[in-house]
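Heads up: the structure comes next, in structure tokens.
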Amino acid sequence: MHWSSGNGFRSDRRSRGRRARVPFVALIIVASALLLSGSPDEKHVSIYSTAANYSVPVIQRNNLDYLALLEALEPLGTVSANASGGRWNFRYNDINSEFVPGQTRARVRGKDIDLTASFLLENGHGLVPLSSLATLLPRILGGPITFNEAGRRLFIGNVAVHFTAQVSNTNPPKLVMNFTAPVNPTISTEPGKLRMAFTREPLVAPGSQALTFGSKLIPSATFQENNGAAEVVVISTMPVMANFSNDGHTITIAPPVAVATQTQLSVQPPSTTSQPAVTAGNNIGVLATGHYFAVVDASHGGDERGAALTGQLGEKEVTLEFARFLRQELAARGLTTLLVRDGDITLTPDQRAALTNAADGAIYICVHAASQGTGVRLYTALVSGIGENHGLFVDWNTAQTSFLGRSQAAAASVAAKLKNKQVPVRSLAAPLRPLSNIITAALVVELAPPGNDVSQLTSPAYQQSIAGTVAAGIVDVRDKLQDGPK
Amino acid sequence: MIPRHLMIGVAFMVTIALGMGAYVWRIRGRVDRTLVSTTMPPVAPPAAGPTEQATLYVAYDDAGVLRPRSAHIPLPAGRQERAEELLRALLDVYLDKTSPHVLAPGSEIRDVYLVDPGLAVIDLNAAFANGHRSGVLIEELTLASLVQTLSANVPGITRIKILVDGKERDTLAGHVDLTSFYDVSAVNQLAVQLAGQ
Chain A
46 MHWSSGNGFR SDRRSRGRRA RVPFVALIIV ASALLLSGSP DEKHVSIYST AANYSVPVIQ
106 RNNLDYLALL EALEPLGTVS ANASGGRWNF RYNDINSEFV PGQTRARVRG KDIDLTASFL
166 LENGHGLVPL SSLATLLPRI LGGPITFNEA GRRLFIGNVA VHFTAQVSNT NPPKLVMNFT
226 APVNPTISTE PGKLRMAFTR EPLVAPGSQA LTFGSKLIPS ATFQENNGAA EVVVISTMPV
286 MANFSNDGHT ITIAPPVAVA TQTQLSVQPP STTSQPAVTA GNNIGVLATG HYFAVVDASH
346 GGDERGAALT GQLGEKEVTL EFARFLRQEL AARGLTTLLV RDGDITLTPD QRAALTNAAD
406 GAIYICVHAA SQGTGVRLYT ALVSGIGENH GLFVDWNTAQ TSFLGRSQAA AASVAAKLKN
466 KQVPVRSLAA PLRPLSNIIT AALVVELAPP GNDVSQLTSP AYQQSIAGTV AAGIVDVRDK
526 LQDGPK
Chain B
1346 MIPRHLMIGV AFMVTIALGM GAYVWRIRGR VDRTLVSTTM PPVAPPAAGP TEQATLYVAY
1406 DDAGVLRPRS AHIPLPAGRQ ERAEELLRAL LDVYLDKTSP HVLAPGSEIR DVYLVDPGLA
1466 VIDLNAAFAN GHRSGVLIEE LTLASLVQTL SANVPGITRI KILVDGKERD TLAGHVDLTS
1526 FYDVSAVNQL AVQLAGQ
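Those protein sequence lines, which keep their order, are chains A and B.
Residue 46 is where the first sequence starts when you use our numbering, and the numbers rise one by one after that.
Residue 1346 is where the second sequence starts when you use our numbering, and the numbers rise one by one after that.
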């Protein structure tokens, strides 16, 4: 969003605002109609090259799919076009092409080429049939391309990312997928399936589109391409999660430790040890399903260092250490805990909220650290306004509103425990994300030094002491947090 | 001989033409003045004239609190200009050598827009946000100080949005959310929490 500034904005906005309302409302209606009519089924072609990966919309004319040639090749080089004498002259770098509207014959590099359907010229945009790209583009670009018309994916040059998939013989078994380049798919789950959608990566099939592993837990996976994206669907007979490692080159799919352990416990004598904590690995954990009592989130990480606590010490390092202590202390008290990040990675607030909400925990505890003040500050969400909730669909920005009572109860319990331990503590509301997006009790614990010495923030004894006290406070409201529908 | 009705018609047309010419000349003068006013860089107007008592909500880092402080400030009559002057007076406190809540040098309020109904948009400059110290409480004190000072002295403001250099920004300095519109009533409650240790 961009807001322009200037003194002209100041004059009589009230009356101008009223006059502007009619066209503004009309604009909203038109935009809404366009959005409702177009976006979900919009076709596009994904183009992968060494210069850029991008997508271009497909235009339908005469029941055929067309592509705007200039727009499709613009990111790859210098392009220009002009229409004169009933012809459309197109230039890509130093290659000239000539098209005639309504004709199927074009001329590229001085040689004729036949298109599968007529070339179209609309408002200066030259449209070529999608089915002609495989023959047309190698001539224009001067190199090989691979075009999967059904999946609408165009590979220019040798850019494909390959992968292998193998189930290990460990207990429980893991599906290890190795990629020739870093990948970052969008992951979603449904009962019995984990889907990975690769929209930006030029991922290609590993020989066969159907993969079988001979494992009862993860029997098979499929590879398919559709509307410019590749999708790998992993079939599993129990909940699985995906862990990223090796700088995005490896994805490991396996049951969460808690689920795997619970499965083993069903055939083993009951153990007297506390329930285990679950870590999301060295990267973000994506859960197919799973129920955890607590989700602990070390704020910042990766590119986002957080506050500079000292010259060398970043907030992200302290939050990770403290989050690990907190996980350990919660687990020691029998509370199954998921750590959102267990490594130095960058996560957006939306990713943290999505992971937390999927984990379906009874409480979310986000950890921050500060050099100002002493002791601990506890924050619950400062939610502005009432969101527009429609049935099951909850307004994202005010999702926490319904859970504020539980969040404040948890904060009060933790504050009481800290006071008993003579730790300076303060409870406040704060406008922090992703707190406002969490659909369970949610709390921020900000760790400050015990005294004037900021270096004490990294003291394991201090961190463990605070983590233990926070965990004890959470245990005290355990029943309240689990009580009733969430 | 020219018919009389034709002469009257011509005279009428000439009068209309002269009148329109004069009107266009006047309009052009107005456009020139508008162009000059919109293309000139914003200049902080000098505070002058009679002063008024206003309440600034000042953050104190040592205690981590927000406290009201009375100040006599020359305030213009217009709501818009009044809002800007108030926040500039608040920044003067923070940029002073004895500041209880230090802001980065060069921190400025670029503009305050009052938009119906009840929305105020505070546009900070980049130096304000880029040089702001990072931390939940430190950032929250700044936010609450701006919102409380504005809403307490300019009636009718119910929501506040904060921009940086005319654009939306995720956070002030890594913590406090700037993507949301703040309800003044919610920040009032926060100010109560921040008032007492």
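Even glycine gets a Cβ: it sits at the ideal position worked out from N, Cα and C.
Computed from a predicted model, the values in this text were never measured in an experiment.
Practice prompt. Quick one: using the 10 Å Cβ neighbour count with 16 as the cut-off for buried, is M222(A) buried or exposed?
Written response: Of the residues assessed, M222(A) falls on the buried side of the cut-off, its CB having 16 or more other CB atoms within 10 angstroms.
Worksheet entry | Spatial distance of L1351(B) from T1360(B) (CA atoms) | Those two C-alpha atoms are separated by around 14 Å.
Fill in: Cross-chain neighbours of H170(A) in chain B, by beta carbon under 7 Å
Neighbours of H170(A) on chain B: none; closest Cβ ~31 Å, over 7 Å.
Worksheet entry | Contained alpha helix (DSSP H) runs [length at least 4] in the stretch 1430-1482 of chain B, N- to C-terminal order | If we require 4 residues or more, the alpha helix (DSSP H) runs fully inside the stretch 1430-1482 of chain B come out as 1471-1475.
Worksheet item: Along chain B, in chain order, which residues have C-beta atoms closer than 7 Å to that of R478(A)?
Response: Neighbourhood of R478(A) in chain B, by CB distance below 7 Å: D1522, in chain order.
Discussion item. In the DSSP assignment, the alpha helix (DSSP H) including K361(A) goes from what residue to what residue?
Written reply: Bounds of the alpha helix (DSSP H) holding K361(A) are 360-377.
Worksheet item: Going by the CB atoms, is the gap between L1508(B) and L1431(B) shorter than 8 Å?
Response: Cβ atoms of L1431(B) and L1508(B): not closer than 8 Å.
Discussion item. For the structure I just gave you, are there three or more beta carbon pairs, one from the stretch 1433-1446 of chain B and one from the stretch 1497-1516 of chain B, closer than 8 Å?
Written reply: Contact between the stretch 1433-1446 of chain B and the stretch 1497-1516 of chain B is absent: fewer than 3 CB-CB pairs across the two stretches fall below 8 Å.
Discussion item. Judging by CA-CA distance, which residue of A195(A), P120(A), G122(A), L114(A) is the nearest neighbour of N134(A)?
Written reply: Shortest Cα-Cα distance from N134(A) to any of A195(A), P120(A), G122(A), L114(A) involves L114(A).
Discussion item. Restricting to runs no shorter than 4 residues, where is the alpha helix (DSSP H) found entirely within the stretch 122-209 of chain A?
Written reply: The qualifying runs are 178-186.
Discussion item. Quick check: is the beta carbon of G1409(B) nearer than 8 Å to any beta carbon in chain A?
Written reply: In terms of beta-carbon proximity, G1409(B) lines the interface with chain A, with at least one pair separated by less than 8 Å.
Worksheet item: Under the rule that 16 or more other beta-carbon atoms within 10 Å means buried, what is I329(A), buried or exposed?
Response: Below a pLDDT of 50, predicted positions are generally treated as unreliable, and I329(A), at 46, falls in that range; no measurement from the model is reported.
Worksheet item: T425(A): buried (16+ other C-beta within 10 angstroms of its C-beta) or exposed?
Response: Counting Cβ neighbours within 10 Å, T425(A) comes out buried, since at least 16 surround it.
Practice prompt. Could you say if the stretch 202-209 of chain A and the stretch 240-252 of chain A meet the contact criterion of at least three C-beta pairs nearer than 8 Å?
Written response: Result yes; three or more Cβ-Cβ pairs closer than 8 Å.
Worksheet item: What in chain B is Cβ-close to L492(A), meaning under 8 Å?
Response: The contact set of L492(A) on chain B, defined by CB atoms closer than 8 Å, is empty, because the minimum CB distance reaches about 11 Å.
Worksheet item: Thinking C-alpha only, which one of D159(A), F258(A), N482(A), G418(A) is nearest V212(A)?
Response: That would be F258(A), whose Cα lies nearest to the Cα of V212(A).
Item to complete: Express the C-alpha separation of A1472(B) and L220(A) in angstroms, rounding to a whole number.
Response: One C-alpha to the other measures close to 49 Å.
Item to complete: Please report how far the alpha carbon of S458(A) lies from the alpha carbon of V341(A), in whole angstroms.
Response: Rounded to whole angstroms, S458(A) to V341(A) spans 17 Å at the Cα level.
Worksheet item: Which residues, in order along the stretch 86-115 of chain A, keep a beta-carbon less than 8 Å from a beta-carbon of chain B?
Response: If the cut-off is 8 Å between Cβ atoms, the stretch 86-115 of chain A has nothing near chain B.
Item to complete: Flag this pair as yes or no: are the beta carbons of S281(A) and L256(A) separated by less than 8 Å?
Response: No; because the gap between Cβ atoms is not below 8 Å, this pair is not in contact.
Worksheet item: If we cut at 8 Å on Cβ distances, does R422(A) have a partner in chain B?
Response: R422(A) counts as touching chain B.
Item to complete: Along the beta strand (DSSP E) that carries T231(A), what are the first and last residues, could you check?
Response: That run of the beta strand (DSSP E) goes 231-235.
Worksheet item: Which one of V153(A), S176(A), G196(A) has the shortest CA to CA distance from N108(A)?
Response: The shortest Cα separation from N108(A) among V153(A), S176(A), G196(A) belongs to S176(A).
Practice prompt. Please check if any C-beta of chain A sits within less than 8 Å of the C-beta of A1472(B).
Written response: Not closer than 8 Å to any Cβ of chain A, the Cβ of A1472(B) fails to qualify, so no.
Practice prompt. For Q1493(B), return the contacting residues in chain A, with the cut-off set at a CB-CB distance below 8 Å.
Written response: In chain order: nothing, as chain A lies at least about 13 Å away.
Practice prompt. Specify the secondary structure class of M1365(B) as computed by DSSP and reduced to three states.
Written response: Correct three-state label for M1365(B): helix.
Worksheet item: Taking Cβ positions, are L392(A) and G346(A) nearer each other than 8 Å?
Response: Closer than 8 Å, so yes.
Fill in: Span of the beta strand (DSSP E), counted from its first residue to its last, around A353(A)
Secondary structure note for A353(A): it is in no beta strand (DSSP E), with a DSSP letter that is neither H nor E.
Worksheet item: Rounded C-beta distance between V489(A) and L423(A)? I'm assuming under 8 Å.
Response: For a cut-off of 8 Å, the C-beta gap from V489(A) to L423(A) is around 7 Å, short enough to register as a contact.
Worksheet item: When you check each C-beta in the stretch 1492-1511 of chain B against every C-beta of chain A, which residues fall closer than 7 Å?
Response: Listed in sequence order: L1508, G1511.
Worksheet item: Is the CB of E349(A) under 8 Å away from at least one CB in chain B?
Response: Residue-level contact by beta carbon holds for E349(A) and chain B, with a gap shorter than 8 Å.
Worksheet entry | Contact list for the stretch 390-407 of chain A against chain B, Cβ threshold 7 Å | Within the stretch 390-407 of chain A, not one residue has a Cβ closer than 7 Å to any Cβ of chain B.
Discussion item. I need the straight-line Cα distance from D440(A) to T485(A), nearest angstrom please.
Written reply: If I take the Cα positions, the gap works out to 14 Å.
Worksheet item: In the DSSP assignment, what are the bridge partners of M241(A)?
Response: According to DSSP, M241(A) shares a beta bridge with I232(A), V277(A).
Fill in: Unbroken stretches of the alpha helix (DSSP H), 4 residues or longer, contained in the stretch 447-477 of chain A
Runs of the alpha helix (DSSP H) inside the stretch 447-477 of chain A: 449-465.
Item to complete: Using a threshold of 8 Å, state whether the C-beta atoms of A274(A) and S91(A) are closer than that.
Response: Contact flag set, yes.
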